[in-house]
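Take a look at the structure set out below.
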Amino acid sequence: MGRPFLNEYPATSHIIGAQISYSRQDRRIKLKILAPLILTSTIAACAVPVGDIRWKPELLSPGDYVSVDQSRSGLIHHMYKGRQGNDYLIESYRGPSPTGTPAFTTRLDGNGNYLSWQRSDGYEVRYQPHDCTRTLGKCRYTEIRPNDERIRWTRITTATDTGFKYVETDRNGERRVSGEIAIDERGIAGSGQVSGHFGAQTFTLVE
């Protein structure tokens, strides 16, 4: 499937519509981070219809985090670490709170598309030009794993009244992933679901 993200198996942004509790100095506001983010893109491989489903990091501050309840993987917290060059970093923690060593770190572009995903043990997956998570319309990308295995994906994302939905297939059509995610005006993802060759998972927004 696509990229390894919220549940650590290779299907990351597929799993980005979850619940979020944003915490910063005892303030709680809904945030969505991996949600999975784009309105316009100049990438030649991506056709961009009218719409805005981008994640908006300009509205966040380092230390802000969201908590997501995953039906298969339990509670996870995604903490915004800030900007590094042209990229944005998110550290994800499992357990009751976002403390200790992050389970994985995600590097995103300014729209919320994934650029890379790395576990604490050093295992890393990269995406070229990005994983199309927040790109409306048809978008193609390549997933690159540590053994230099390359998987080409085609993703079609459509805006909905509450967020977006998508279908993603590999080049041979053997693997298929689909999902639907709700987002707010900041591009923060809320409740949603994803399913595919790996099974299914739902996300519930935690207020």
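One rule links them: number in this note's numbering = place in the sequence shown (from 1) + 700.
Heads up, the beta-carbon is just placed ideally off N, CA and C, and yes, glycines get one too.
Predicted model, so just to flag it, every value in this text is computed and none were measured.
{"query": "Status (buried if at least 16 other CB within 10 Å, exposed otherwise) for Leu759", "result": "exposed"}
{"query": "Paired residues, beta bridge with Ser895 - DSSP", "result": "Ser878 and Ala900"}
{"query": "Tyr780 and Asp769 closer than 7 Å at C-beta", "result": "no"}
{"query": "Segment contact, 8 Å Cβ cut-off, at least three pairs: the region 838-854 with the region 793-807", "result": "no"}
{"query": "C-alpha distance - Ser908 paired with Glu791, whole-angstrom precision", "result": "Only positions 701 to 907 of the chain appear in the structure, and residue 908 is not among them; the question remains open."}
{"query": "Burial state of Gln901, where buried means 16 or more other Cβ atoms lie within 10 Å", "result": "buried"}
{"query": "Inter-residue spacing [alpha-carbon to alpha-carbon] between Phe864 and Ile856", "result": "10 Å"}
{"query": "Residue environment, Ser723, which counts as buried when at least 16 other CB atoms sit within 10 Å", "result": "Since pLDDT at Ser723 reaches only 42, below the 50 mark, its modelled position is unreliable, and the value read off the structure follows with that caveat. With 16 or more Cβ atoms within 10 Å of its Cβ, Ser723 is classed as buried."}
{"query": "Own chain partners of Ile844 with C-beta closer than 6 Å, once the 5 adjacent residues on each side are dropped", "result": "Arg826 and Arg850"}
{"query": "Unbroken beta strand (DSSP E) run spanning Ala859, endpoints", "result": "Arg850 to Ala859"}
{"query": "CA nearest to the CA of Gln893, picked from Leu775, Trp817, Cys839 and Gly879", "result": "Gly879"}
{"query": "Beta-carbon proximity check, Arg852 vs Arg871, cutoff 7 Å", "result": "yes"}
{"query": "Coil, strand or helix - Leu759 by DSSP", "result": "helix"}
{"query": "Contacting residues, own chain, Cβ-Cβ under 6 Å from Thr858 (five flanking each side not counted)", "result": "Lys865"}
{"query": "Where the beta strand (DSSP E) containing Gly774 begins and where it ends", "result": "Gly774 to Gln784"}
{"query": "Per-residue DSSP class, three states only, for Val825", "result": "strand"}
{"query": "Within 7 Å, strictly: CB atoms of Pro762 and Gly785", "result": "no"}
{"query": "Residue range of the beta strand (DSSP E) that includes Asp787", "result": "Asp787 to Arg794"}
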